[in-house]
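Inspection log for the structure reproduced underneath, given as C-alpha cells.
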C-alpha cells in the first residue's frame with residue numbers, strides 16, 4: 009500500500025558515462041513489501057516529471073545497512089527530538105517484527 013512521503017528522499021545513480029539524480033518529496037509516495045529474500049522498496053513521484061525508483065534489498069544486506077545506520081546515528085547530534093522519536097517508533101516495530109513467532 010502506497011504511503012505519502014512526509015519528508016524527502018534524494019537518489020543518485022552514477023554510471024561511467026552518465027548520472028541520474030532525482031528527489032522525492034511532496035506529491036511523492038513509497039511502498040515497502042517483503043518476500044522470502046528481502047524488502048522491495050519503491051519511490052514514486054506522480055507530479056511534474058514522473059519518476060520511479062525501485063530497490064530489492066536482500067535481508068543480509070539490509071541487516072548490514074541497519075547496523076551501519078545505527079553506528080552513524082550514534083555519532084550525530086543533528087537530529088531533533090521529533091526525528092529521534094519517529095526513528096525510535098520505527099525501530100521498535102522492526103524489532104517486534106523480526107522476533108521469532110511474530
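Numbering (our numbering), first residue to last: 9 to 110.
For each residue, glycine too, the CB sits at the ideal point set by N, CA and C.
Residues of the same chain with a CB within less than 6 Å of the CB of residue 55, apart from the 5 flanking positions on each side, are 35 in chain order.
The beta-carbon separation of residue 64 and residue 52, rounded to 16 Å, does not stay under the 8 Å limit for a contact. By the Cβ neighbour-count rule, residue 32 is buried, with 16 or more other Cβ atoms within 10 Å of its own. With a beta-carbon spacing of about 5 Å, residue 20 and residue 29 fall inside the 8 Å limit used to define contacts. Shown here, residue 65 sits in a strand according to DSSP, grouped into three states.
Secondary structure at residue 100: helix, using DSSP grouped into helix, strand and coil. DSSP places residue 16 in no beta strand (DSSP E); its state is neither H nor E. For residue 33, there is no enclosing beta strand (DSSP E), as DSSP marks it with neither H nor E.
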